[in-house]
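Q: Throughout, the numbering used here is defined as the position within the sequence shown, counted from one, plus 4.
The C-beta atom is built at its ideal place from N, Cα and C for all residues, glycine as well.
On a predicted model such as this, the values are computed, not experimentally measured, just so you know.
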Amino acid sequence: MSTVRDAVNRRLLAAGWELGPRLGRRSSAGLAAAGATLAARVGGGPVEQLRSNLQVVTGRPVGDDLVRAGLASYARTWLEVLSLPAWSASRVLASVLTDPVGEALLRREHRTRGAVVALPHMGNWDMVGAWACLTGLPVTTVAEQLADPEFEAFTRARSGLGMEVLSHRDPQVLTRLLRAVEGGRVVCLMADRLMAGRGLDVDWPVPGGGSASVAMPPGPALVARRSGALLVGLACHYEGDRMRMRFSDPVEHVPGRDGLSAMTQQLAGFFAAETSRHPQDWHMMQPFFTGPVPVSADGS
């Protein structure tokens, strides 16, 4: 069964690479909305997991409207990812709204001690990488390697945008990330969901007080601390036809394993605030919270 599913997925992906660059904004938006409506109607494990995760980060029961909005945002992101290799530099730059204060800090620290950027699965992180490479911030990142053909296809696409892509299975990945910082590249790492191994247990603040338990990867804090680089969070959400980037305050380096937890906790707080403000753009369809979550006032 998995072999059949993989073959179907590869055909769909190949069709997406072919079709994506041909779609205009209006066609992409219509396709994303239609796909979201269909997926929400069909339901299933990932859709209900998305609903459950959104209920935690919003602190309230989640209706079908927000689920559809989340699925439409997810579909929009994938359509953009598949078409990005065909976009002009001017279109990429025009599609991103930056945070001028955070961007200025990132550029200043990148020129001196280096920079590590930690991102949640919000908005279009591939577009962040394309924007960064086009504006003098060459990116090195780590991708989850689930199957070789798909990994190779996405690696080619991201390399064409200027990014260096490492596999999470690479036993030398930490050494290569440290070398990337030393070589003047910005290390950008997805930092809310674990790809492999054991994470750091931290608290994810939720609306109304309290927190939920999550396990987040130690990689961003570890690379920043070992290299001496700036560590900053970056979250993205859509605003109309464009995507808004928002940076966190710099994360202070703290020694020891408890220090890694403290640094990761600061990222968790930033991610939690951003996902509660823009829940429809958090593409988390996997189990995420590792323990009991606070119950809302209405008992839901």
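State buried or exposed for Val-46, treating a residue as buried only when at least 16 other CB atoms are found within 10 Å of its CB.
A: exposed
Q: Tell me whether Arg-250 sits in a helix, a strand or coil according to DSSP, three-state version.
A: strand
Q: Would you say Ala-73 reaches chain C, if we count a Cβ-Cβ gap shorter than 8 Å as a contact?
A: Annotation note: the requested chain C is absent from the structure, which comprises a single protein chain.
Q: Is Arg-111 near Ala-233, with beta carbons less than 8 Å apart?
A: Judged by beta-carbon spacing, Ala-233 lies beyond the 8 Å limit of Arg-111, meaning their Cβ atoms are not closer than that value.
Q: Using DSSP with H/G/I as helix, E/B as strand and the rest coil, what is Phe-305?
A: In the structure as shown, the chain begins at 5 and stops at 304. Residue 305 is therefore absent and cannot be evaluated.
Q: Does DSSP put Asp-68 in a helix, a strand or coil?
A: helix
Q: Among Asp-262, Phe-251, Arg-281 and Val-258, which one has its Cα closest to the Cα of Leu-101?
A: Phe-251
Q: So, with DSSP's three-state summary, where would you put Glu-186?
A: Correct three-state label for Glu-186: helix.
Q: Does DSSP put Trp-286 in a helix, in a strand, or in coil?
A: Trp-286 falls in the strand class under three-state DSSP.
Q: Taking Trp-136 and Leu-235 to be in contact with their CB atoms under 8 Å, please state how far apart those CB atoms are, rounded to whole angstroms.
A: Here the sequence assigns Ala to residue 136, which means Trp is not the residue at that position. Not confirmed; about 16 Å, so no contact.
Q: Can you tell me which of Trp-129, Val-218 and Val-185 puts its alpha carbon nearest to the alpha carbon of Leu-198?
A: Val-218
Q: Relative to the C-alpha of Pro-291, which residue among Pro-222, Asp-196 and Pro-211 is closest?
A: Considering only alpha carbons, the answer is Asp-196.
Q: For Ala-195, name the three-state secondary structure that DSSP assigns.
A: DSSP places Ala-195 in coil when its eight states are reduced to three.
Q: How about the region 147-156 and the region 89-109: do they share at least three Cβ pairs that are nearer than 8 Å?
A: no
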